[in-house]
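K.L.:
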Amino acid sequence: MTLIDWLARWATEKSDAKAFVFAPDRAKHIHLTFAELLRRSRALALRLTQHTEPGDRAVFLFPAGLDFIVAYLGCLAAGVIAVPLMVPRRTEARDSSAAVIADSAPRLAMTSTELLEARPDIADRFHDASFEWMTVNAMAEADEEPGELPSLGGDDLALLQYTSGSTSTPKGVMVTHDNLLANMEMIRQRMGNTALSTSVGWVPLYHDMGLMMELMQPLYLGATSVLMAPAAFMQRPLNWLRLIDRYRAEVTSAPNFAYDLCVSRFREDQMAGIDLSCWKVAMNAAEPVHGETIERFAATFAPYGFAAGAMYPAYGLAEATLLVSGGERGVVPRTRSVSAAALQRLEIAPAAEGDTQVLVSCGAIMPGQHVAIVDPDMRCRSATGRIGEIWVSGANVARGYWRNPAATADAFQAQIASEPGEHWLRTGDLGLLDEQGELFVTGRIKDLIIIRGVNHYPQDIERTVQESHPALRRDGGAAFAVSDEDGNERLAVVQEVERTHRNSVDEAEVTRCIREALARQHEIAVHVIALIPPATLPKTTSGKVQRSMARRLLLEGTLPALN
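Numbering-wise (the numbering used here), the sequence shown opens with residue 874 and increments by one.
Quick look at the structure:
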């Protein structure tokens, strides 16, 4: 069975129910019913069979809207492997689209007529590529053309989900139909979602969280999914909450920064009449989850019906289709205060006065999966109370990386010492399982900063920096190690300044505050501090900080100047 079979079922059982709604900013909302979605995606699939063979790839370059959904389901039905991509920005010189296209070797590039007309530079950017362009209009009436659609098996590829490239060159994760349905069922069971679980989302569909939680999960359930443009959320984040109220949505998914942004943009007059009591699952994933974010959001929006138990920290990655762990619906997320000094030794110990770090639980492992905490060097299970690399196995773990057998063997075929036979996915993330079986994620192996034998988590340093002075932007910093003239590893920080302070900031004062805060809280000296303009820190398409890219730009001397 595939997702197409689920669509056919809902098109029969609830043909006139709304499947997907797109809510443009300040414009009329448009929607597709399950019957319309099946008819239009099938018509596109039959059209695709005239241009492709099963197994061909199609890169997706779509603006926010419903076109992506019809194109994706059409590709699924035709056996064409979708490769979702972010639309390159006009002035962006560092996007990964060229590398993805070279690696995936697509037969087609699928987009909308509106995008090609508004952005002629898109076609110019890829004028040397050997693919054809095909446009999709989700709202256009479509008649089925003659032809047969291929039969699909569970082991056939449903998409190539390219990794974010936060720590390396993007790699195409080979997600099969069986992987998709396995993870969708895990998520349904753990979150308690049903056909009545309307979702409202803004995370772009080219990102694995947006694709799985805003397209796949609702379609699997036969629920309604309401979409808004990412840019609209960034400009007016409280509109997200208004849509939740309007459609009485139960489920959302977003990175941690989104909840901080809602709090920072909160205006009492803009929340008048809003009732968030319908909101049952506010998934918080894709980047480190902060306890203070959860507290601030719950406190700010409790007067509007938001329940603390609705916040839903979770952990996942594209290589596991999406989710690995998550909490129980309605249960307040657990936090754990531990010794910050012990964390630097990759150990867990009780917190003490002046030595406290708060960790947020990402819940229990999804049903049907297994997680092991492993010493990444010895490849043996870590002792209880020690942090190690998170290894995963289960039906949702993808087949491997597209045309990359070496990386596939390293990441997807790992074995634990003294436990031959079972293959595990190495996530590259650090964490621990506590006595209650809940997962706490502490960082990434490649991002770990080691100075004079002491381990430092970059996200902890970045948070301290951003809290040291009001001119510094939240979620706008990168901390990493660089070598000094003697070859010793030293700390470097690149940090954005808030837009409102850009022209008035006292750089000497800000630098002094950063140094004092890091010395006081982490007992570490800073070798280099680079202040940069807002929105110029290298990030992936999903908003993850690209620390390795920031490091390279710093060493090359090509970081943008503040003034």
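Idealized CB from N, CA, C, for every residue including glycine.
1. Please go through the same chain and pick out, in chain order, the residues whose beta-carbon is closer than 8 Å to the beta-carbon of T1384, but skip the five residues on each side of it.
2. May I ask you to list the residues that DSSP assigns as paired with L1029?
3. Pick from L1069, T1413, R1115: whose alpha carbon is nearest that of G1178?
4. May I ask you to report which of helix, strand or coil DSSP gives V1073?
5. Is it buried or exposed for S1255, if we count other Cβ within 10 angstroms and need 16 for buried?
6. Closest by CA to D1028, which one among L949, K891, V943?
7. Given this structure, state the Cα-to-Cα distance separating S977 from A1031, to the nearest angstrom.
8. Using 8 Å as the threshold, is the segment 1240-1255 in touch with the segment 1320-1333, meaning 3 or more CB pairs across them?
9. Kindly list the residues whose CB is nearer than 6 Å to the CB of P1103, restricted to its own chain and excluding five residues on each side of it in sequence; keep chain order.
10. Let me make sure I understand the geometry here. Which of A1423, P1240, D929, R912 has the alpha-carbon closest to that of I942?
11. How would you label R899, buried or exposed, when you count the other beta carbons within 10 angstroms and need 16 or more for buried?
12. Applying the criterion that 16 or more other CB atoms from any shown protein chain within 10 Å of the CB defines a buried residue, is A975 buried or exposed?
13. Count Cβ pairs between the segment 1302-1316 and the segment 1274-1293 that sit closer than 8 Å; are there 3 or more?
14. Once DSSP output is grouped into helix, strand and coil, what is the label at R980?
15. Please classify T1373: does DSSP put it in a helix, a strand, or coil?
16. Are the CB atoms of E1362 and A1354 within a distance shorter than 7 Å?
17. Name the residue from A1245, L1084, M1007 whose alpha carbon lies nearest to the alpha carbon of T1194.
18. Excluding the 5 residues preceding and the 5 following F1443 in the sequence, name in chain order all residues of the same chain whose CB lies nearer than 6 Å to its CB.
19. Can we say the segment 1000-1020 touches the segment 1164-1179, given the rule of at least three CB pairs closer than 8 Å?
20. Give every residue of the same chain whose Cβ lies closer than 6 Å to the Cβ of P1411, excluding the five residues on either side of it in the sequence, and list them in chain order.
21. How would you call L910, buried or exposed, if buried means at least 16 neighbouring beta carbons within 10 angstroms?
22. Could you spell out where the alpha helix (DSSP H) holding V1338 opens and where it closes?
23. Cα-Cα, which of W1264, E1005, R1202 is closest to T925?
24. Give the secondary structure of L1428 by DSSP, where H, G and I count as helix, E and B as strand, and everything else as coil.
25. According to DSSP, is M924 helix, strand or coil?
26. Please classify T1208: does DSSP put it in a helix, a strand, or coil?
27. Should N1052 go down as buried or exposed, given a rule of 16 or more other Cβ atoms within 10 Å for buried?
P.N.:
On the basis of the supplied data:
1. Position 511 of the sequence shown holds residue 1384. The residues are I1402, L1404.
2. Taking the sequence shown and counting its residues from 1, one reaches residue 1029 at position 156. One point to set straight first is that residue 1029 is Asp, not Leu, in the sequence displayed. D1029 is not bridged to any residue.
3. Here residue 1178 corresponds to residue number 305 of the sequence shown, with the count starting at 1. Ranking the options by Cα distance to G1178, first place goes to R1115.
4. Within the sequence shown, residue 1073 is the residue found at index 200, counting from 1. Strand.
5. Position 382 of the sequence shown holds residue 1255. With 16 or more Cβ atoms within 10 Å of its Cβ, S1255 is classed as buried.
6. As a first step, residue 1028 must be located in the sequence shown, where it is residue number 155. Checked all of L949, K891, V943; the closest Cα to D1028 is L949.
7. Translated into the one-based positions of the sequence shown, residue 977 becomes position 104. Translated into the one-based positions of the sequence shown, residue 1031 becomes position 158. Rounded to the nearest angstrom, the two C-alpha atoms are 14 Å apart.
8. no
9. Here the question's residue 1103 lines up with position 230 in the sequence shown. Correct list, in chain order: W1075, P1077.
10. Start at 1 with the first residue of the sequence shown, and residue 942 comes out as number 69. Considering only alpha carbons, the answer is R912.
11. Position 26 of the sequence shown, counted from the first residue, corresponds to residue 899. R899 comes out exposed.
12. Position 102 of the sequence shown holds residue 975. Exposed is the call here.
13. no
14. Counting from 1 along the sequence shown, the entry for residue 980 is found at position 107. Coil at R980, not helix or strand.
15. Indexing the sequence shown from 1 puts residue 1373 at position 500. Here T1373 sits in helix by DSSP.
16. The residue labelled residue 1354 in the question sits at position 481 within the sequence shown. The residue labelled residue 1362 in the question sits at position 489 within the sequence shown. Closer than 7 Å, so yes.
17. For the purposes of this step, residue 1194 is taken as the residue at position 321 of the sequence shown. Selected option, being the one with the closest Cα: L1084.
18. No answer is possible for residue 1443: it lies beyond the span of the chain, which begins at 874 and ends at 1436.
19. no
20. The count along the sequence shown starts at 1 and reaches residue 1411 at position 538. Around P1411: Q1419, M1422, A1423.
21. Sequence index remark: in the sequence shown, residue 910 carries index 37 (1-based). Label assigned to L910: buried.
22. Here residue 1338 refers to the residue found at position 465 when the sequence shown is read from its first residue. Counting along the chain, the alpha helix (DSSP H) containing V1338 begins and ends at 1331-1339.
23. Position 52 of the sequence shown, counted from the first residue, corresponds to residue 925. Considering only alpha carbons, the answer is E1005.
24. As a working mapping, residue 1428 is identified with position 555 in the sequence shown. It is helical.
25. Indexing the sequence shown from 1 puts residue 924 at position 51. Rather than Met, the amino acid found at residue 924 in this sequence is His. Three-state result, H924: coil.
26. To locate residue 1208, count along the sequence shown from 1; it is residue 335. T1208: strand per DSSP, three-state reduction.
27. On the sequence shown, residue 1052 is found 179 positions in, with the first residue counted as 1. Looking at its Cβ environment, which holds 16 or more other Cβ atoms inside 10 Å, N1052 is buried.
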